[in-house]
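Below is one structure, written out as structure tokens; the observations come after it.
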Amino acid sequence: MRPDLIGGEGYVRNCWYVAGRSEDFGRELTALTMLEEQIVIYRDTQGKAIALEDACPHRKLPLSRGSIEGDHVVCGYHGLTFDCSGECVIAPTQLDNPPRRAAVHSYPAEDRWGFLWLWMGAPEEADRGKIIDIPNFDNPAWGKTAKGAMEMACHYLYITDNLLDPSHVAWVHLTSFAGAGTDNRPLDLEETEDGVIVSRWIHGEPPAPYYKPMLPFGPNCDRKQHYECRLPATAINMSVYAPEGEGGKDVPLSANAFVNISYNFITPVDGGRSRYFWFQHRNMHAEDEAMSQRMFDGAVMAFTEDKDVLEYVQTGMAGRKSPYINLGLDAGAMRFRTRVARQIKAEAG
1 MRPDLIGGEG
11 YVRNCWYVAG
21 RSEDFGRELT
31 ALTMLEEQIV
41 IYRDTQGKAI
51 ALEDACPHRK
61 LPLSRGSIEG
71 DHVVCGYHGL
81 TFDCSGECVI
91 APTQLDNPPR
101 RAAVHSYPAE
111 DRWGFLWLWM
121 GAPEEADRGK
131 IIDIPNFDNP
141 AWGKTAKGAM
151 EMACHYLYIT
161 DNLLDPSHVA
171 WVHLTSFAGA
181 GTDNRPLDLE
191 ETEDGVIVSR
201 WIHGEPPAPY
211 YKPMLPFGPN
221 CDRKQHYECR
231 LPATAINMSV
241 YAPEGEGGKD
251 VPLSANAFVN
261 ISYNFITPVD
271 GGRSRYFWFQ
281 HRNMHAEDEA
291 MSQRMFDGAV
301 MAFTEDKDVL
311 EYVQTGMAGR
321 KSPYINLGLD
331 AGAMRFRTRV
341 ARQIKAEAG
């Protein structure tokens with residue numbers, strides 16, 4: 001990605017990123033890359049997630065090529081052994097004098113909401129209170145889909161661009177999220193303490209195909225598209241459907257409204273690759289497992305459509321021969337990129 005797009009250089013680090021679904025990590029060494037850093041993750045004998053720099057300080061063999069002994073990681077080259085904090089506790093070839101500088105970086109890790117989060121900044125500044133709060137997560141009246149995971153061969157900010165763009169659904173998601181008014185109705189833009197919200201109400205139109213089977217009212221309704229991104233790269237896309245005449249910007253949320261919230265967590269791998277994690281949370285049909293499966297399958301289909309477009313965007317922008325342009329619909333995305341760039345600069349300062 002070329003550096004002239006706002007926010008395209010570097011990463012916000014003093015924050016939490018999703019490494020994967022909690023069940024993706026067990027008593028084996030799992031190697032992954034986040035923010036261009038090589039990391040190895042495993043669980044200790046108590047089930048706690050441990051994340052270390054994936055490079056033995058001797059000759060930089062990845063620790064993920066080694067083994068686990070108890071709570072420790074043993075390098076597969078000369079047996080240097082590291083504890084959960086990254087300190088070298090055994091050096092077999094010099095038992096009486098372990099090298100003092102033989103240590104690897106340790107990343108604070110936390111299981112929350114079914115995902116494993118890593119703090120990518122200075123460990124001493126890690127604040128577990130800064131992991132996103134998810135209201136109603138344990139409310140039995142709310143239904144959840146399975147947790148999704150997807151690799152995308154594009155810069156993570158192209159994904160946040162997309163998740164701050166309600167209009168693209170009219171062309172990219174014709175059979176799922178599209179619907180009357182998604183192509184040309186005016187958008188409202190709001191800045192929050194840590195992000196940006198792009199939203200709009202669409203009144204008296206049929207619901208999107210994805211949502212039609214879920215609604216206990218119709219055939220027309222009032223629909224709100226709420227597209228929000230928070231630093232560093234968390235997107236909260238909320239779809240609100242109310243009976244026709246009961247929805248609107250300046251009225252309280254209808255007691256009859258159907259609310260579905262898609263929580264999207266984007267983790268940069270490097271300048272051209274990202275990982276995308278999500279689940280959906282709805283205020284009705286909590287016990288309907290068939291609906292949860294249909295919603296999950298529909299989301300995978302839609303996000304695969306996004307993946308196809310965004311990977312071409314990555315290639316096109318990286319190899320462009322002429323200038324790119326922004327449209328009015330890009331206002332929210334450009335505002336978010338500015339917030340990202342400011343935070344990166346502040347951390348570097």
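Take 1 as the starting number for the sequence shown in this note's numbering and just add one per residue. Using N, Cα and C, we set each Cβ at its ideal position, and we do this for glycine too.
- Per DSSP, the continuous alpha helix (DSSP H) segment holding residue 159 begins and ends at 156-163.
- When the Cα atoms are used, residue 220 and residue 308 turn out to be separated by approximately 31 Å.
- Scanning its chain for C-beta atoms nearer than 6 Å, with the 5 sequence neighbours on each side dropped, one finds around residue 87 the residues 103, in chain order.
- The Cβ-Cβ distance between residue 137 and residue 281 falls below 9 Å.
- With 16 or more neighbouring CB atoms inside 10 Å of its own CB, residue 224 falls in the buried class.
- Sequence-distant partners of residue 215 (beyond 5 residues in either direction) whose C-beta falls short of 7 Å from its own C-beta, in its chain, are 207, 221, 241 and 258.
- For residue 224, the uninterrupted beta strand (DSSP E) run begins and ends at 221-230, by DSSP.
- The DSSP-derived three-state label of residue 49 is strand.
- Inclusion of residue 78 and residue 58 in the CB contact set at 9 Å is warranted, their separation being smaller than that value.
- Contact between residue 159 and residue 274 holds, with the beta-carbon distance rounding to 6 Å and staying under 8 Å.
- Boundaries of the beta strand (DSSP E) harbouring residue 275: 273-282, taken from the DSSP string.
- Distances from the CA of residue 48 to each of 98, 14, 34 and 115 were compared; the closest alpha carbon is that of 115.
- The alpha-carbon of residue 142 is positioned some 10 Å away from that of residue 288.
- Between the C-alpha atoms of residue 118 and residue 124 there is a straight-line separation of about 13 Å.
- Straight through space, the alpha carbons of residue 270 and residue 196 are spaced by roughly 24 Å.
- Following the DSSP letters along the chain, one finds residue 83 in no beta strand (DSSP E), marked with neither H nor E.
- Around the C-beta of residue 19, 16 or more other C-beta atoms lie within 10 Å, and the residue is accordingly described as buried.
- Here DSSP, grouped into helix, strand and coil, assigns residue 104 to coil.
- Assignment of residue 114 by DSSP, reduced to helix, strand and coil, places it in the coil class.
- Residue 194 sits in coil when the DSSP states are folded into three classes, being neither helix nor strand.
- Judged by beta-carbon spacing, residue 147 lies within the 9 Å limit of residue 277, meaning their Cβ atoms are closer than that value.
- Apart from the 5 residues on each side of it in sequence, residue 40 sits with its Cβ closer than 6 Å to the Cβ of 29, 31, 52, 54, 63 and 64 in its chain, given in chain order.
- Residue 343 sits buried, since 16 or more C-beta atoms from the chains shown fall within 10 Å of its C-beta.
- Residue range 331-348 is occupied by the alpha helix (DSSP H) that includes residue 344.
- With respect to the C-alpha of residue 312, the residue from 322, 152 and 82 having the closest C-alpha is 152.
- Residue environment for residue 322: exposed (fewer than 16 other C-beta atoms within 10 angstroms of its C-beta).
- Here residue 149 is not near residue 17, since their CB atoms are 9 Å or more apart.
- Ranked by how close their Cα comes to the Cα of residue 204, the residues 243, 89 and 111 have 243 in first place.
- Taken through DSSP and simplified to helix, strand or coil, residue 148 comes out as strand.
- Assignment of residue 240 by DSSP, reduced to helix, strand and coil, places it in the strand class.
- Residue state for residue 32 is assigned as strand, using DSSP reduced to three classes.
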